[in-house]
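J.: Residue numbers (our numbering), protein chains in the order written: chain E, 1 to 94; chain S, 1001 to 1136. Using N, Cα and C, we set each Cβ at its ideal position, and we do this for glycine too.
1) Tell me, please, whether the CB atom of residue 92 of chain E is closer than 8 Å to any CB atom in chain S?
2) Residue 1135 of chain S by DSSP, collapsed to three states: which one?
3) If I measure Cβ to Cβ from residue 1058 of chain S and keep anything under 7 Å in the same chain, skipping five residues before and after, which residues do I get?
4) Taking 8 Å as the CB-CB limit, is residue 1088 of chain S close to chain E?
5) How many angstroms separate the CA atom of residue 1054 of chain S from the CA atom of residue 92 of chain E?
6) Taking 7 Å as the limit between beta carbons, can you name the residues of its chain near residue 29 of chain E, skipping five residues before and five after?
7) Quick check: what's the CA-CA separation for residue 1090 of chain S versus residue 1068 of chain S?
8) Use the C-beta contact count for residue 94 of chain E: other C-beta atoms within 10 angstroms, 16 or more gives buried, fewer gives exposed.
9) Can you tell me whether residue 1117 of chain S is helix, strand or coil according to DSSP?
10) Could you give the first and the last residue of the continuous beta strand (DSSP E) run that contains residue 1080 of chain S?
So, in structure tokens, the structure goes:
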């Protein structure tokens, strides 16, 4: 099984007891995220839709690539890869 | 509370003035000490919303990722987001609230042709923004 590191942004660290990164196992980004969700209750619902895709205000990066530009959540991972949960940051004056 | 020492505030004011009338945005790097976010670096990020650059911002996730890497390497975190409100008060809009995340300080800088106006910081609490004190 492949082990990857998942980087947790500050607003979601309440789900990981303050940890800024955690290890997860899986052959794809989706599998690793499911493993993350199984270990940290409530986290996955903030990150992925019920269909397992990134939510509207979330981007998932594998290394320096948004998984949307790769094979999406089905993108395969290799040992030591880093997955980053990147909150979409948006707003406006009006 | 948001603790932002003077040099960071001056840096931010300069970025906002230079950006006017565009809604420039960026990240606050520092440490979180209990309820206090302590800022030690200010980073500008690209606003991907070019069509409505005067009243909307969409912070480039690539810039977020780069700032996050830099912060982690320096033992820091991303503790907040800053953005300008050109010709508008430094009060979060419904658009700001819809895109907000808990725990971060949202620093809003009002700016006009005359220069930087009020600077206020807000934090999400149960789905609504609450103002937090800024100290230097």
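T.: In this structure, then:
1) yes
2) strand
3) 1047, 1048, 1049
4) yes
5) 8 Å
6) 60, 62, 67, 73, 75, 77, 83
7) 26 Å
8) exposed
9) strand
10) 1077-1086
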